[in-house]
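According to my numbering, the sequence shown is numbered sequentially starting from 61.
We treat Cβ as the ideally placed atom computed from N, Cα and C, and that holds for glycine.
Keep in mind that this is a model prediction, so the values were computed, not measured.
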Amino acid sequence: MKTASSDPRQLTLDELFEIPRPINPQPASLDHAREVRHLLSDALKKTTKSRFEVASRMSELTGHDISKAMLDAWTAESREAWRFPFEFAAAFEVACDTYCLTEFQARKRSCKVYAGDEVRQAEIGRIESQIDELATKLKALKKVRIAE
Numbered sequence: 061m062k063t064a065s066s067d068p069r070q071l072t073l074d075e076l077f078e079i080p081r082p083i084n085p086q087p088a089s090l091d092h093a094r095e096v097r098h099l100l101s102d103a104l105k106k107t108t109k110s111r112f113e114v115a116s117r118m119s120e121l122t123g124h125d126i127s128k129a130m131l132d133a134w135t136a137e138s139r140e141a142w143r144f145p146f147e148f149a150a151a152f153e154v155a156c157d158t159y160c161l162t163e164f165q166a167r168k169r170s171c172k173v174y175a176g177d178e179v180r181q182a183e184i185g186r187i188e189s190q191i192d193e194l195a196t197k198l199k200a201l202k203k204v205r206i207a208e
């Protein structure tokens with residue numbers, strides 16, 4: 061947020077990066093069946109594995125029989141009655157080497173997901189912020205003289 065004394069050439073936090081904003085869901089606004097179908101379909105197109113390989117890997121990871129036909133039904137617009145079970149989300153992401161469903165869920169709940177090196181970078185930022193805050197407190201304490 062810019063203040064009256066801030067330099068107009070400096071960017072605000074909102075301009076530097078996207079900060080997730082809380083949403084106020086309205087009735088039926090969280091029905092994401094179509095979006096989930098598209099997410100699954102896009103992930104299957106982007107992976108180097110065939111749908112047979114993805115189904116096989118998911119079966120291995122979950123201990124449940126998952127077939128290519130099931131993947132096809134979960135991604136087909138015409139198969140509205142077939143909904144992708146949330147319990148298979150992690151296995152699907154592992155099989156396709158993606159975080160698409162986790163990121164989608166986070167976006168819908170106004171959150172951000174970090175993976176890999178992003179986690180380390182976020183932790184560095186958090187620690188640097190704490191260091192700055194502690195340095196400010198230390199500076200203020202050093203200025204204060206206690207009357208004896």
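Proximity below 9 Å, CB of residue i to CB of residue j
| i | j | result |
| --- | --- | --- |
| Lys168 | His92 | yes |
| His124 | Phe144 | no |
| Leu104 | Arg111 | yes |
| Ala155 | Trp142 | no |
| Thr107 | Thr158 | yes |
| Glu163 | Arg94 | no |
Buried or exposed (CB count within 10 angstroms, at least 16 for buried), residue i
| i | result |
| --- | --- |
| Ile187 | exposed |
| Leu131 | buried |
| Leu194 | exposed |
| Val173 | exposed |
| Leu161 | buried |
| Phe152 | buried |
| Thr135 | buried |
| Val96 | buried |
| Ala175 | exposed |
Residue i versus residue j - alpha carbon distance
| i | j | result |
| --- | --- | --- |
| Ser189 | Cys171 | 20 Å |
| Val204 | Leu198 | 10 Å |
| Glu183 | Arg139 | 43 Å |
| Ile83 | Gln165 | 13 Å |
| Gly185 | Ala200 | 23 Å |
| Ala129 | Glu113 | 12 Å |
| Ile126 | Ser119 | 5 Å |
| Ser89 | Thr196 | 44 Å |
| Ser116 | Val179 | 30 Å |
| Ile206 | Gln181 | 40 Å |
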